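Heads up: the structure comes next, in structure tokens.
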Amino acid sequence: MIEEGPAEGLVRVRLDLAYDGTDFSGWARQRARRTVQGELESAITTVLRLREPVELTVAGRTDAGVHARGQVAHVDLEREVWQREATKLLRRLTGRLPHDVRVWRVAEAPAGFNARFSAVWRRYCYRVGDHPGGVDPLLRSHVLWHDRPVDIALMNEAAERLLGEHDFAAYCKKREGATTIRRLLELCWERAEDGPFAGLAVATVRADAFCHNMVRALVGAMLLVGDGHRPVGFPGEVLAGRVRHSAVNVVRPHGLTLEEVGYPADELLAHRAAQARNKRSLLGC
Numbered sequence: 024m025i026e027e028g029p030a031e032g033l034v035r036v037r038l039d040l041a042y043d044g045t046d047f048s049g050w051a052r053q054r055a056r057r058t059v060q061g062e063l064e065s066a067i068t069t070v071l072r073l074r075e076p077v078e079l080t081v082a083g084r085t086d087a088g089v090h091a092r093g094q095v096a097h098v099d100l101e102r103e104v105w106q107r108e109a110t111k112l113l114r115r116l117t118g119r120l121p122h123d124v125r126v127w128r129v130a131e132a133p134a135g136f137n138a139r140f141s142a143v144w145r146r147y148c149y150r151v152g153d154h155p156g157g158v159d160p161l162l163r164s165h166v167l168w169h170d171r172p173v174d175i176a177l178m179n180e181a182a183e184r185l186l187g188e189h190d191f192a193a194y195c196k197k198r199e200g201a202t203t204i205r206r207l208l209e210l211c212w213e214r215a216e217d218g219p220f221a222g223l224a225v226a227t228v229r230a231d232a233f234c235h236n237m238v239r240a241l242v243g244a245m246l247l248v249g250d251g252h253r254p255v256g257f258p259g260e261v262l263a264g265r266v267r268h269s270a271v272n273v274v275r276p277h278g279l280t281l282e283e284v285g286y287p288a289d290e291l292l293a294h295r296a297a298q299a300r301n302k303r304s305l306l307g308c
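Below you can see the structure in the form of structure tokens.
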């Protein structure tokens, strides 16, 4: 079993954060591109006056244009630095970070915590506007406009057939050596009734983990059902085929927001992290 935790003399610090992904080339640090990880690591290194740059580990590596309201990351800092700067770090980060990324909470993580591997689920929302007049201009960076009305009941019927543990290869961008087996815990649509998103078709998607493009491809398949282009059973048939289907579009990223990351009780964090590192296979395969 892999021992979870920082090296001797270091403290693992959890950061809860949010960002507008519009002007970022995703989470992951890239050369010559603006990313959330790059901005945060630069800010932490600067405000703590560190000689070496820090490296963040994140719960979910979001793509370019995808937003986050409930992202979680961790960083390992020298204990002396943490003890000296802990009470000032949040305020200093607020003053250093750009307007489109914010850290809401900074705290020493419990033993065994790993922002990525200790997570038991991630919850996303995808927001779709199907009003014939288009999307409220003030929401255009967070809502996809679909040019035909969609039937929520039909999309929910299609979604029920996708729940559970499956090989989602048909809905993922394959990565060498990575499994596409995931457990889809929740997939449902509703019409938002109040607030700024009132009237929109909102998909809530929760799984133990997601592979690349998975949520956006699932939404693309269900919109085909919702607007009458495909029957209710179509998304399930695509799933069973385990190969990408030419009719299923990976919808644009700006409608997607990471809303929340779930973790087990503190005493289970290390066990969950070790378990998550194991490559999965479906029973009987």
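This note's numbering numbers the first residue of the sequence shown as 24 and each following residue consecutively.
The beta-carbon is built from N, C-alpha and C at its ideal position, and this holds for glycine as well.
On a predicted model such as this, the values are computed, not experimentally measured, just so you know.
Integer Cβ distance of residue i from residue j, believed to fall under 8 Å
i, j, result
"F257", "L247", "6 Å"
"V261", "V271", "6 Å"
"L177", "G249", "6 Å"
"G44", "T85", "6 Å"
"V184", "E209", "According to the sequence provided, residue 184 is Arg. The question's Val does not apply to it. Not confirmed; about 14 Å, so no contact."
When the options are compared against residue i, the one with the closest alpha-carbon
i, options, result
"A41", "L100, R74 and H122", "H122"
"G156", "S269, G222 and A299", "G222"
"G152", "W212, V104 and A30", "W212"
"A82", "C195, A230, R139 and R115", "R139"
"R150", "A142, L162 and W144", "L162"
"G285", "L292, E75, G49 and W144", "W144"
"V104", "V129, L73, R92 and R128", "L73"
DSSP three-state assignment for residue i, whether helix, strand or coil
i, result
"H294", "helix"
"D190", "strand"
"A41", "strand"
"W50", "coil"
"G88", "coil"
"G256", "coil"
"R57", "coil"
"P70", "Contrary to the premise, residue 70 reads as Val rather than Pro in this sequence. Note: V70 maps to helix in three-state DSSP."
Short Cβ contact (8 Å threshold) for residue i with residue j
i, j, result
"A87", "P287", "no"
"Q94", "L281", "yes"
"L38", "A96", "yes"
"R205", "M237", "yes"
"L291", "E188", "no"
"V77", "E62", "no"
"V274", "G243", "yes"
"K302", "T202", "yes"
Taking the runs of the alpha helix (DSSP H) that are 4 residues or longer, which of them lie wholly in the region 150-229? Assignment of alpha helix (DSSP H) within the region 150-229, counting only whole runs of 4 or more residues, yields 175-183 in chain order.
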